[in-house]
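> If you scroll down you'll find the structure; I have some questions about it.
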Amino acid sequence: MNFPRLRFPIKTKLTVATLIPLAIAILICWMAGVFILSAKVAAQAQEKVRYDLSVAREAYLNELTRLYDAVKLSASFGRTGETIAAGDLRALEATLAPVRKSEHLDILAAVDASGKVIFRANNPRQFGDDKLRNQFVARALKGELVSGTTIIPTSELTLEGEALVRQAHVQVAGTKADPSPPAPLNGAMFLFTAAPVRDQAGNVLGALYGGVMLNNNRKLVDKIKAVVYEGAKSKGRDVGNATIFQGGVRIATNVPNSDGRRATGTKLSAPVYERVLLKGTKWVGRAFVVNDWYLTAYEPILSLQGVPIGALYVGMLESHYSAVKTDMAVLLSFVLLLSGLTGVSMSAFLGKKLAQPIKELELLTRRVAAGERDVKSSIDSRDEIGDLAGRFNDMSRSLGERENSIIELNRNLEEKVQQRTAELEEKNRLLVQTREELLRVEKLAAIGELAAGVAHEINNPMAIIRGNTELLQLTIDEGAPNREEVDTIFQQVKRVERIVSNLLKFARREQMEHGSVRLNELLHEIVGQIGHQVSLEKIEVIELYAEDMAVVEGDGDQLRQVFTNLILNAVQAMPQGGVLGIRSAPVGSGDHYEVKISDTGVGIALENLRQVFNPFYTTKSNGTGLGLSVSYGIIREHGGCIDVESIPGQGSSFTVLLPCER
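Heads up: the sequence shown runs through residues 1 to 662, numbered per full-length UniProt numbering.
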């Protein structure tokens with residue numbers, strides 16, 4: 001069923017033509033506006049989160065500074081030096097316990113000049129252990145005031161009190177990527193300060209060290225969040241949050257889990273872990289944190305030796321900025337939509353004005369198409385439509401004059417086309433015939449040149465080999481064990497000489513030596529001897545010969561050369577082993593015989609299949625490219641044909657068709 005084609009008036013087309021640039025401009029403006037707004041908002045968000053990280057770092061360092069000042073003042077306060085030198089535990093308790101309590105320190109202890117703990121304000125019953133392995137304490141005993149972040153192992157943390165061990169406990173949450181059962185962290189991360197205690201002469205009498213544990217320190221991360229985000233909320237949720245990591249595990253955070261609890265014990269993502277903790281650089285970007293997308297910033301927390309041992313994180317909900325981008329995109333879309341509607345109205349009005357004279361020209365054209373002549377347009381406008389009306393009048397006037405000449409040209413055109421076509425076909429046929437003849441001549445000339453070289457280079461050494469072989473036959477008795485091998489050498493030398501002679505005959509188009517050849521016996525004999533030339537260890541040979549196979553007329557040595565070459569090629573195509581099939585059978589009405597030699601080897605690529613019979617074409621590194629071309633020539637001289645079929649990776653099959661003996 002044929003449906004009528006839709007008709008679009010010129011008014012509609014003009015309107016659409018006017019609207020298309022406007023629509024493209026509006027679309028480009030909208031895309032550019034949305035892109036610029038998104039880029040600006042994203043850039044400002046990234047800059048904001050960088051600034052937030054700086055503020056969080058300052059809050060973190062302020063806590064370290066508070067600890068630094070408390071330990072420093074305690075070390076230089078009053079008679080602290082004399083008290084440590086005298087080992088007065090009561091005086092130390094009276095001095096350090098109030099400081100620890102007022103400054104909210106988790107650890108505050110004194111060591112003597114040898115590095116042994118003489119008093120712990122947080123665990124007075126435990127003292128006497130050596131603290132020289134602690135680098136903060138060791139450097140303080142050398143007169144340095146040292147402050148920084150460190151990790152205290154659980155074994156050492158036990159000496160500071162069981163309460164701290166319990167506070168340090170953070171159960172690491174399992175992940176899909178790491179199905180091993182979760183285990184608690186080993187040790188805890190501390191803000192740590194050590195200060196030397198001196199006498200009036202400036203001699204170091206001992207040291208004070210203090211620390212604030214970061215594990216489960218909600219007060220510090222909440223303080224950082226309050227300083228950075230000032231309690232901002234979006235849809236009832238905190239806009240931002242902060243986290244302190246020990247290694248790749250959250251030990252203090254206000255990032256919520258899906259159940260609303262703090263996500264303490266969850267792990268850092270792998271890309272951030274590699275960037276921040278392994279490479280020691282900052283990370284600023286969009287990341288999925290626990291259960292939501294955030295605009296995040298991470299920086300490493302370094303140990304006293306400058307090695308990353310944790311990370312400081314701040315992040316803002318991405319949805320907060322997405323809502324801003326959506327509102328701006330909606331506003332921009334509304335403005336552009338209003339502009340588009342205005343453009344549509346103007347386009348419709350202009351399209352109507354422009355369509356009126358074109359409609360008149362369309363009516364005049366119909367009159368001309370109906371056969372009316374001398375039709376004139378009365379349109380008088382100073383624009384392209386007026387020019388078109390003038391050209392229409394000229395066209396109408398000259399149309400009648402040209403009709404007669406066109407009819408005459410049409411009469412002669414068909415006759416000339418037929419004549420030129422016949423001439424072109426004849427020239428093409430001659431060109432193809434000449435090209436094929438040139439190609440054949442070039443190939444035969446190349447084979448003749450090569451045959452002459454082969455005869456010269458091979459016949460001389462073969463004559464020497466033949467002479468020496470004849471001498472061996474004279475010196476070895478008929479019944480000697482090696483006599484059979486010498487006879488075989490002599491026969492093969494004669495065969496090589498015969499092959500060279502046949503190659504020359506083929507190149508010079510000499511007559512072959514006619515005789516009767518029994519194909520089945522010839523093929524079976526070749527299979528029996530082929531093992532002397534190549535290994536048949538992994539080759540399974542299948543011979544299928546037709547019982548009623550008659551003889552063919554031809555040169556037995558030449559046909560032996562052809563089939564030996566085809567069988568050798570089949571065996572060499574199966575370096576990993578396979579099946580060699582040799583089949584003979586009568587075809588047609590029995591006046592031709594077919595020999596098919598197939599293999600299950602590597603096969604022949606399609607682009608090489610048409611060239612395998614060309615002289616000097618070979619894909620073997622040590623081949624001459626003459627085997628198949630000579631075989632092709634021999635079979636053609638015998639009045640037969642040779643063909644090949646191949647599937648790459650599955651094997652090849654060569655079929656030789658020979659006429660029977662008459």
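We treat Cβ as the ideally placed atom computed from N, Cα and C, and that holds for glycine.
Quick one: is Arg509 buried, meaning 16 or more other Cβ sit within 10 Å of its Cβ, or exposed?
Counting from 1 along the sequence shown, the entry for residue 509 is found at position 509. Only weak support exists for where Arg509 lies, its pLDDT of 49 falling under 50; the value from the coordinates is given anyway. Counting Cβ neighbours within 10 Å, Arg509 comes out exposed, since fewer than 16 surround it.
> Our contact map puts Pro659 next to Asp555 with C-beta atoms below 8 Å; I'd like the distance itself, whole angstroms only.
Here the question's residue 659 lines up with position 659 in the sequence shown. Here the question's residue 555 lines up with position 555 in the sequence shown. In fact, because the Cβ distance is near 14 Å, the residues do not count as touching under 8 Å.
> Could you tell me the distance, in whole angstroms, from the CA atom of Thr264 to the CA atom of Arg250?
Working through the sequence shown from its first residue, we reach residue 264 at position 264. Working through the sequence shown from its first residue, we reach residue 250 at position 250. C-alpha separation (whole angstroms): 5 Å.
> Given a threshold of 16 other Cβ atoms within 10 Å of its Cβ, counted over all protein chains shown, does Tyr51 qualify as buried or as exposed?
On the sequence shown, residue 51 is found 51 positions in, with the first residue counted as 1. Classification for Tyr51: exposed.
> At the level of alpha carbons, what is the spacing between Val644 and Ser631?
As a working mapping, residue 644 is identified with position 644 in the sequence shown. As a working mapping, residue 631 is identified with position 631 in the sequence shown. Between Val644 and Ser631, the C-alpha separation is close to 13 Å.
> Return the Cβ separation of Gly601 and Ser652 in integer angstroms, given the expectation that the two are a contact with Cβ distance under 8 Å.
Position 601 of the sequence shown, counted from the first residue, corresponds to residue 601. Position 652 of the sequence shown, counted from the first residue, corresponds to residue 652. Indeed, because the Cβ distance is near 7 Å, the residues count as touching under 8 Å.
> Could you pull out every residue in the same chain whose Cβ sits closer than 6 Å to the Cβ of Arg139, ignoring the five residues on either side in sequence?
Within the sequence shown, numbered from 1, the residue matching residue 139 stands at position 139. The answer, listed in chain order, is Val146.
> Does DSSP put Val197 in a helix, a strand or coil?
Walking along the sequence shown from the start, residue 197 turns up at place 197. Residue state, collapsed to three classes: strand.
> Of the choices Ile407, Thr655 and Gly390, whose alpha-carbon is the least far from that of residue 666?
Residue 666 cannot be examined here, being either before or after the span of the chain that is shown, 1 to 662.
> Spatial neighbours of Ser74 within its chain, please: C-beta separation below 6 Å, excluding the five flanking residues on both sides.
Working through the sequence shown from its first residue, we reach residue 74 at position 74. Same-chain partners within the cutoff: Val99 and Leu208.
> Could you say if the segment 483-493 and the segment 518-525 meet the contact criterion of at least three C-beta pairs nearer than 8 Å?
In short, these stretches do not touch, since the Cβ pair count stays below three.
> How about the segment 536-548 and the segment 576-593: do they share at least three Cβ pairs that are nearer than 8 Å?
Segments in contact, yes.
> So the alpha helix (DSSP H) Lys101 belongs to, where does it begin and stop?
Here residue 101 refers to the residue found at position 101 when the sequence shown is read from its first residue. Where Lys101 is concerned, the enclosing alpha helix (DSSP H) stretches over Leu89 to Glu103.
> Are the CB atoms of Lys142 and Val111 within a distance shorter than 7 Å?
Position 111 of the sequence shown, counted from the start, is the residue given in the question as residue 111. Position 142 of the sequence shown, counted from the start, is the residue given in the question as residue 142. No.
> Given this structure, state the Cα-to-Cα distance separating Asp387 from Glu362, to the nearest angstrom.
Taking the first residue of the sequence shown as position 1, residue 387 is located at position 387. Taking the first residue of the sequence shown as position 1, residue 362 is located at position 362. So the two alpha carbons sit approximately 15 Å from each other.
> Strictly by DSSP, which residues pair up with Tyr593?
To locate residue 593, count along the sequence shown from 1; it is residue 593. Its beta-bridge partners are Pro586 and Leu658.
> Please state the DSSP three-state secondary structure of Leu119.
Stepping through the sequence shown from its first residue, residue 119 is reached at position 119. A quick correction: the sequence has Phe, not Leu, at residue 119. The answer is strand: DSSP assigns Phe119 an E or B state.
> Along the chain, where does the beta strand (DSSP E) containing Ile542 start, and where does it finish?
Within the sequence shown, numbered from 1, the residue matching residue 542 stands at position 542. Here the beta strand (DSSP E) through Ile542 covers Ile539 to Tyr545.
> Given a cut-off of 7 Å on the beta-carbon distance, is the pair Gly578 and Gly649 in contact?
Walking along the sequence shown from the start, residue 578 turns up at place 578. Walking along the sequence shown from the start, residue 649 turns up at place 649. No, the Cβ-Cβ distance between Gly578 and Gly649 is not below 7 Å.
> Report the partner residues of Ala242 according to the DSSP bridge assignment.
As a working mapping, residue 242 is identified with position 242 in the sequence shown. Note: Ala242 sits in a beta bridge opposite Val314.
> Which residue's Cα is closest to the Cα of Val212: Val221, Ile458, Pro308 and Pro184?
Looking up residue 212 in the sequence shown gives position 212. The candidate whose alpha carbon is nearest that of Val212 is Val221.
> Assign Ile476 to one of three DSSP states: helix, strand, or coil.
Position 476 of the sequence shown, counted from the start, is the residue given in the question as residue 476. DSSP places Ile476 in coil when its eight states are reduced to three.
> Out of Val551, Glu426 and Asn614, state which residue places its alpha-carbon closest to the alpha-carbon of residue 695.
Absent from the model: residue 695. The displayed extent of the chain is 1 to 662, so no value can be given.
> Measure the beta-carbon distance from Val255 to Asn215 and round it to whole angstroms, keeping in mind my assumption that it falls under 8 Å.
In the sequence shown, the residue the question calls residue 255 occupies position 255. In the sequence shown, the residue the question calls residue 215 occupies position 215. In fact, because the Cβ distance is near 16 Å, the residues do not count as touching under 8 Å.
> By a C-beta neighbour count over all protein chains shown, 10 Å radius and 16 as the cutoff for buried, is Ser629 buried or exposed?
Working through the sequence shown from its first residue, we reach residue 629 at position 629. Buried: at least 16 other Cβ atoms inside 10 Å.
> Looking only at its own chain, which residues have a Cβ that is under 7 Å from the Cβ of Phe152, when we skip the five neighbours before and after it?
Stepping through the sequence shown from its first residue, residue 152 is reached at position 152. Residue identity check: residue 152 is Ile in the sequence provided, not Phe. Once the five neighbours on either side are set aside, the close Cβ partners of Ile152 are Gly187, Ala188 and Phe190.
> By how many angstroms is the C-alpha of Asn122 removed from the C-alpha of Gly161?
Here residue 161 is taken as the residue at index 161 of the sequence shown, counted from 1. Here residue 122 is taken as the residue at index 122 of the sequence shown, counted from 1. The straight-line gap from Cα to Cα measures roughly 7 Å.
> Exposed or buried, Ile244, counting other C-beta atoms within 10 Å across all chains shown (16 or more means buried)?
Numbered from its first residue, the sequence shown carries residue 244 at position 244. Under this definition Ile244 is a buried residue.
> Rounded to whole angstroms, what is the Cα-Cα separation between Val517 and Leu439?
Numbered from 1 along the sequence shown, position 517 holds the residue referred to as residue 517. Numbered from 1 along the sequence shown, position 439 holds the residue referred to as residue 439. Approximately 32 Å, taken between the alpha carbons.
> Assign Glu299 to one of three DSSP states: helix, strand, or coil.
Position 299 of the sequence shown, counted from the start, is the residue given in the question as residue 299. Looking at Glu299 - three-state DSSP - the assignment turns out to be strand.
> Determine, using beta carbons only, whether Phe288 comes closer than 7 Å to chain B.
Absent from the structure: chain B. Only one protein chain is present.
> Going straight from the alpha carbon of Leu96 to that of Arg166, what length do you get?
Within the sequence shown, the letter at position 96 stands for residue 96. Within the sequence shown, the letter at position 166 stands for residue 166. Rounded to the nearest angstrom, the two C-alpha atoms are 23 Å apart.
> Using the three-state DSSP reduction, which class does Pro461 fall into: helix, strand or coil?
Mapped onto the sequence shown, residue 461 falls at position 461. It is helical.
> Residues in the same chain with beta-carbon distance under 8 Å from Val49, minus the five sequence neighbours each way, listed in chain order, please.
Indexing the sequence shown from 1 puts residue 49 at position 49. Excluding sequence neighbours, Val49 sits near Val284, Leu295, Thr296, Ala297, Val314, Gly315 and Met316.
> Is the beta carbon of Gly240 sitting closer than 7 Å to the one on Leu268?
Taking the first residue of the sequence shown as 1, we reach residue 240 at position 240. Taking the first residue of the sequence shown as 1, we reach residue 268 at position 268. For Gly240 and Leu268, no; Cβs fall outside 7 Å.
> Going by the DSSP bridge assignment, what does Leu27 pair with across the sheet?
Here residue 27 is taken as the residue at index 27 of the sequence shown, counted from 1. DSSP lists no partner for Leu27.
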